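Here the sequence shown is numbered in my numbering, starting from 581 and rising by one per residue. Beta carbons are placed, not taken as given, at the ideal position from N, Cα and C, and that holds for glycine. All values reported here derive from a predicted model rather than from experimental measurement.
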Amino acid sequence: MASTAVPEFGWKSAAPECTASFVVPALRELGGELIRPGCRVLDVGCGNGYNAGQYLSWGCAVVGVDASEEGIEIAKRTHPKAKFVKMLVDERVLSQLGEAPFDIVSSTEVVEHLYDPPAWARCCFFALRPGGRLLVSCPYHGFLKNLLISLTNGWDKHFEAHRVGGHIKFFSPATLSKLLTEAGFVNIRVKGTGRAPWLWKSMVLSADKPT
581 MASTAVPEFG WKSAAPECTA SFVVPALREL GGELIRPGCR VLDVGCGNGY
631 NAGQYLSWGC AVVGVDASEE GIEIAKRTHP KAKFVKMLVD ERVLSQLGEA
681 PFDIVSSTEV VEHLYDPPAW ARCCFFALRP GGRLLVSCPY HGFLKNLLIS
731 LTNGWDKHFE AHRVGGHIKF FSPATLSKLL TEAGFVNIRV KGTGRAPWLW
781 KSMVLSADKP T
């Protein structure tokens, strides 16, 4: 029987995900001058709140949203200075939260799990003030990495087809950039992170909302 339920990710603690060690520094780099004390950040798909805690440590004011009740409860306990809300977001996110537009929207290792990436991109766009910046990460795919996976017969392991709630979208820098451009973003920058060049584990992109 088909199900439309959103499965829990399985958050058990406030510990960082395995990607945090190389994704978080790239977020700080691509956030640039916008990450400063008083900067307002919306963390879309905040999970257990680990990245929200990083933004708090940089002096930002943070609102985190996620569909996972487990993740939100951990985030609230760990980072009481931030605001966390369990919800599925869309273009009405600001009115749903009762918030003004944000300086930064951050969404890490989220878009690859979504049925409707364009709706996610529009949500992020509408949540930003003019001149605001989206910071997004997801697993990297490109010619050399894809070729190596093929030569080592690694696609079954890579896709994890039997995992509930796993990755269902697989982006390259070109396809993720196209998604963001079609949502209205400009000035897109791409940074590969983790592992050797062109075999990166993840990629982090920044994209600006026009002024």
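Out of 781, 768 and 733, point me to the one whose CA is closest to residue 750's CA.
Residue 750 sits at position 170 when you count from the first residue of the sequence shown. For the residues 781, 768 and 733, the minimum Cα distance to residue 750 belongs to 781.
Should residue 611 go down as buried or exposed, given a rule of 16 or more other Cβ atoms within 10 Å for buried?
Mapped onto the sequence shown, residue 611 falls at position 31. Residue 611 comes out buried.
Whole runs of the alpha helix (DSSP H) within the segment 618–674, excluding any shorter than 4 residues:
630–637 and 649–658
Kindly indicate which three-state DSSP category residue 766 falls into: helix, strand or coil?
Walking along the sequence shown from the start, residue 766 turns up at place 186. Looking at residue 766 - three-state DSSP - the assignment turns out to be strand.
Rounded to the nearest angstrom, what separates residue 681 and residue 703 at their Cα positions?
Along the sequence shown, read from residue 1 onward, the residue named residue 681 stands at position 101. Along the sequence shown, read from residue 1 onward, the residue named residue 703 stands at position 123. C-alpha separation (whole angstroms): 11 Å.
Rounded to whole angstroms, what is the Cα-Cα separation between residue 705 and residue 652?
Within the sequence shown, numbered from 1, the residue matching residue 705 stands at position 125. Within the sequence shown, numbered from 1, the residue matching residue 652 stands at position 72. So the alpha carbons of these two residues sit roughly 23 Å apart.
For the candidate residues 600, 650, 735 and 614, whose alpha-carbon lies nearest to that of residue 630?
Within the sequence shown, residue 630 is the residue found at index 50, counting from 1. Checked all of 600, 650, 735 and 614; the closest Cα to residue 630 is 600.
Name the one or two DSSP bridge partners that residue 688 has.
Within the sequence shown, the letter at position 108 stands for residue 688. According to DSSP, which records beta bridges pairwise, residue 688 is partnered with 717.
Let's test the definition: count the other Cβ atoms within 10 Å of the Cβ of residue 661 and tell me whether it reaches 16, buried, or not, exposed.
The residue labelled residue 661 in the question sits at position 81 within the sequence shown. Under this definition residue 661 is an exposed residue.
Within 8 Å, strictly: CB atoms of residue 760 and residue 701:
Along the sequence shown, one-based indexing puts residue 760 at 180. Along the sequence shown, one-based indexing puts residue 701 at 121. Contact flag set, yes.
Kindly indicate which residue of 608, 685, 733 and 694 has the alpha-carbon position closest to the one of residue 620.
Residue 620 sits at position 40 when you count from the first residue of the sequence shown. The residue with the shortest Cα to Cα distance from residue 620 is 685.
Determine the direct distance from the alpha carbon of residue 675 to that of residue 716, and round the result to whole angstroms.
For the purposes of this step, residue 716 is taken as the residue at position 136 of the sequence shown. For the purposes of this step, residue 675 is taken as the residue at position 95 of the sequence shown. Looking at the two C-alpha atoms, the distance is approximately 22 Å.
Can you check whether the CB of residue 634 is closer than 8 Å to the CB of residue 665?
Residue mapping note: residue 665 aligns to position 85 of the sequence shown, counting from 1. Residue mapping note: residue 634 aligns to position 54 of the sequence shown, counting from 1. Their beta carbons are not under 8 Å apart, which means residue 665 does not touch residue 634 by this criterion.
Residue 591: which of 628, 598 and 618 sits nearest, CA to CA?
Looking up residue 591 in the sequence shown gives position 11. For residue 591, the nearest C-alpha among the options comes from 628.
Go to residue 785, then tell me how far its beta strand (DSSP E) extends in each direction, as first and last residue.
Your numbering for residue 785 matches position 205 in the sequence shown. It spans 782–788 - the beta strand (DSSP E) in which residue 785 sits, taken as one unbroken run.
Just how far apart, CA to CA, sit residue 783 and residue 753?
Stepping through the sequence shown from its first residue, residue 783 is reached at position 203. Stepping through the sequence shown from its first residue, residue 753 is reached at position 173. When rounded, the distance between both Cα atoms is 8 Å.
Can you tell me which of the three DSSP states residue 710 falls into?
By 1-based counting over the sequence shown, the position of residue 710 is 130. Strand, per DSSP.
CA-to-CA distance, residue 718 to residue 757, given in whole angstroms
In the sequence shown, counting from the first residue as 1, residue 757 sits at position 177. In the sequence shown, counting from the first residue as 1, residue 718 sits at position 138. Distance between the alpha carbons of residue 757 and residue 718: 12 Å.
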